[in-house]
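Heads up, the sequence shown is in this note's numbering, so the first residue is 1 and it goes up one at a time. Ideal Cβ placement from N, Cα and C applies to all residues, glycine included. What you are looking at is a predicted structure, and each value in this text was computed from that prediction instead of being measured.
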Amino acid sequence: MKKEKVITQFRRLLAQLQQQAELAGNPVCREKRFDPLLFADRGHRLLDYIQQIRCHLLALQAMSDSESPPFQWLSQRMVDQCQAMQRELSSLDSRQPAPATSASYWFDKYQQQRGYEARLCEMIEQQEQQLNTADTLQQQQLIAEHISVLEQRLARCRHALRESHWQASLRN
1 MKKEKVITQF
11 RRLLAQLQQQ
21 AELAGNPVCR
31 EKRFDPLLFA
41 DRGHRLLDYI
51 QQIRCHLLAL
61 QAMSDSESPP
71 FQWLSQRMVD
81 QCQAMQRELS
91 SLDSRQPAPA
101 TSASYWFDKY
111 QQQRGYEARL
121 CEMIEQQEQQ
131 LNTADTLQQQ
141 QLIAEHISVL
151 EQRLARCRHA
161 LRESHWQASL
171 RN
């Protein structure tokens with residue numbers, strides 16, 4: 001595909017994405033919305049992410065050959081970013097609105113993480129039961145590895161729980 005045609009299509013797409021984000025009120029992103037490999041910088045609003053795509057468009061315009069591997073790679077990355085942004089914009093209505101106060105935000109976060117902790121403990125218990133009934137050494141090793149991963153996730157979850165509890169108590 002010719003370079004100018006690709007750039008024109010990206011310009012149109014970015015204009016549509018920007019318009020949709022502005023109509024949605026350019027909401028604040030309190031949580032990670034995108035894979036860090038997809039967007040290098042973590043923005044706080046959707047238009048911040050659209051600006052990152054615009055920067056890539058400028059880099060794409062500076063390239064001379066549309067058949068070169070860097071051009072192809074950057075084009076594909078921009079396609080992935082635009083698709084992620086379209087998914088995000090289409091799912092905004094289904095997201096819970098942000099709590100009105102910082103204290104309620106942290107309390108909601110704390111309650112959500114308590115649910116994660118309970119599910120992780122349940123998963124570890126199930127895996128330990130499977131470990132007791134495993135027949136072969138290979139099965140036991142595989143289950144033990146899975147338990148180890150779950151325990152690491154539980155440790156991170158508990159750390160986040162302590163942080164949320166602390167943040168919520170500061171704001172009360």
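- At the C-beta level, residue 77 and residue 56 come within 9 angstroms of one another.
- The DSSP-derived three-state label of residue 11 is helix.
- Rounded to whole angstroms, the Cβ separation of residue 64 and residue 6 is 13 angstroms, and the two are not in contact under 8 angstroms.
- Taking 8 angstroms as the upper bound for CB-CB distance, residue 58 and residue 71 are not in contact here, some 13 angstroms apart.
- Under the three-state reduction of DSSP, residue 153 is assigned to helix.
- Assigned with DSSP and collapsed to three states, residue 77 falls in helix.
- In the pairwise beta carbon analysis, the region 86-95 is classified as not touching the region 149-157: fewer than three pairs are separated by under 8 angstroms.
- Shortest Cα-Cα distance from residue 121 to any of 37, 149 and 135 involves 149.
- Excluding five sequence positions before and after residue 80, the CB atoms of its chain that fall closer than 7 angstroms to its own CB belong to 38, given in chain order.
- C-alpha of residue 161 to C-alpha of residue 147: approximately 20 angstroms in a straight line.
- Shown here, residue 54 sits in a helix according to DSSP, grouped into three states.
- Bridge pairing for residue 45: 28 [DSSP].
- Nearest in C-alpha terms to residue 111, of all of 49, 9, 171 and 164, is 164.
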